[in-house]
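Data block below; observations after.
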């Protein structure tokens with residue numbers, strides 16, 4: 017696999033300390049490497065039982081002026097900046113130890129968390145990474161707030177904020193969220209608030225640690241109390257994006273898709289993340305139903321040993337696409353002669369394996385049941401890398417056109433995420 021397709025963790029322990037934004041109490045945070053599949057979790061090591069609180073959407077208990085995980089007394093407040101830093105740097109597995117109920121506020125942004133995590137280094141683990149993405153759009157709307165999900169092969173956010181305060185007004189920003197963009201722009205954006213809200217928050221025992229050192233404070237007339245000004249002309253909307261990334265990270269995996277948000281906060285973000293999880297789970301279940309094992313494949317295509325070159329169909333969508341697997345083992349008959357000292361899967365058999373995945377897709381159509389697919393042409397076939405024993409050949413098929421009993425498909429074979437063969441296959445079904 018390519019480096020980006022592996023799960024990751026940090027290389028060594030690293031720590032920070034400071035004052036909690038809402039509690040106003042000293043706080044220490046320790047980041048620890050964690051194993052593949054363990055995900056992101058918090059440990060309250062100040063409590064006798066040292067409870068572990070997973071950073072998952074079903075652990076959210078409060079969303080007023082921050083995102084809280086767990087239940088009394090096993091709770092962690094204001095986790096969004098920490099989680100945003102972890103997700104923004106592409107870290108999949110990490111344990112976060114806290115000596116209290118809240119991480120340090122630092123400077124009100126995620127920059128100090130990012131700097132600490134970068135100093136710890138990042139390492140790949142042996143397991144493949146997981147990604148949450150959907151094939152269909154959906155949206156959620158309430159009063160003047162809304163968010164939409166649009167399928168995309170990358171993580172994108174478009175965010176709009178609207179405030180009556182003249183300093184902020186209306187701001188909109190679209191970003192493709194990757195590690196570089198997160199480090200350069202998003203992580204530096206600080207928490208902001210209004211001076212006339214400060215006493216209200218303190219009466220609710222919130223913002224007890226708030227100061228000009230960890231927040232941007234705005235007067236009613238639109239002037240800043242912070243003598244150093246703002247860090248970016250888009251700092252206010254950037255901070256909303258930072259918060260959204262932290263809240264969306266609670267889905268528990270990497271994310272692909274374009275999120276279009278309008279005036280949302282933690283409560284709305286979390287509800288949208290829950291909806292995303294539910295839809296993703298349903299889509300995964302539907303995909304599982306469409307998976308075909310070797311016995312099901314034999315029911316669809318007539319090929320048999322030693323010429324059945326498909327072991328599993330991971331997913332398929334009739335008339336559109338399919339993904340299949342050929343596990344290449346040292347026991348394949350063709351390796352006895354191709355070549356005994358340096359076995360390589362013949363290119364013609366790679367093409368045949370790709371054609372068989374296409375055959376499963378085409379013959380799964382009710383109108384084609386029991387028929388035979390025949391090649392009528394092969395175009396643009398290229399072999400980029402040898403396929404050898406131990407490889408897992410992942411075959412992607414996309415239908416280009418179908419007319420009656422003839423058609424054309426684009427095929428691509430991958431090993432560890434790298435394309436090893438590709439081409440266009442023409443066929444007829446008789």
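Residue numbers (the working numbering): 17 to 446. A virtual CB, placed ideally from N, CA and C, is assigned to each residue, including glycine. Keep in mind it's a predicted model, so treat the numbers as computed, not measured.
Between residue i and residue j, what straight-line distance do the alpha-carbon atoms span, to the nearest angstrom?
i           : j           : result
residue 248 : residue 185 : 15 Å
residue 257 : residue 42  : 27 Å
residue 310 : residue 51  : 32 Å
residue 445 : residue 382 : 13 Å
residue 273 : residue 143 : 23 Å
residue 370 : residue 27  : 40 Å
residue 379 : residue 145 : 32 Å
residue 32  : residue 114 : 10 Å
residue 308 : residue 325 : 14 Å
residue 332 : residue 429 : 16 Å
residue 62  : residue 298 : 39 Å
residue 433 : residue 259 : 32 Å
With a cut-off of 8 Å, does the C-beta of residue i fall near any C-beta of chain B?
i           : result
residue 114 : Among the protein chains of the structure shown there is no chain B, as only one such chain exists.
Within its chain, find whatever has a CB closer than 8 Å to the CB of residue i; leave out the 5 residues flanking it on each side and keep chain order.
i           : result
residue 206 : 123, 124, 125, 230, 231, 232, 247, 251 and 255
residue 73  : 266, 267, 268, 286, 289, 290 and 293
residue 39  : 93, 116, 117, 118, 224 and 225
residue 417 : 423 and 424
residue 192 : 170, 171 and 172
Is it true that the CB of residue j sits closer than 8 Å to the CB of residue i?
i           : j           : result
residue 265 : residue 103 : yes
residue 58  : residue 107 : no
residue 261 : residue 342 : no
residue 24  : residue 170 : no
residue 148 : residue 292 : yes
residue 288 : residue 150 : no
residue 94  : residue 128 : no
residue 263 : residue 158 : no
residue 37  : residue 121 : yes
residue 30  : residue 141 : no
residue 277 : residue 394 : no
residue 366 : residue 403 : yes
Is it buried or exposed, residue i, if we count other Cβ atoms within 10 angstroms and call 16 or more buried?
i           : result
residue 85  : buried
residue 441 : buried
residue 360 : exposed
residue 198 : buried
residue 300 : exposed
residue 190 : exposed
residue 431 : buried
residue 18  : Summary for residue 18: the model assigns pLDDT 49, below 50, so the residue's position carries little reliability; its value from the coordinates is reported in the next sentence. The residue is exposed, with fewer than 16 neighbouring Cβ atoms inside 10 Å.
With a threshold of 6 Å on Cβ separation, who are the neighbours of residue i within its own chain once the five nearest residues in sequence on each side are excluded?
i           : result
residue 401 : 436
residue 154 : 165
With a threshold of 7 Å on Cβ separation, who are the neighbours of residue i within its own chain once the five nearest residues in sequence on each side are excluded?
i           : result
residue 512 : With the chain covering 17 to 446 only, the question about residue 512 has no answer from this structure.
residue 241 : 211, 228, 233 and 235
> Would you call the segment 310-322 and the segment 374-385 touching, i.e. three or more CB-CB distances under 8 Å?
Replying inline: yes
>> Taking 8 Å as the cut-off, does the segment 323-339 touch the segment 406-426 (at least 3 CB pairs, one atom from each stretch)?
In response: yes
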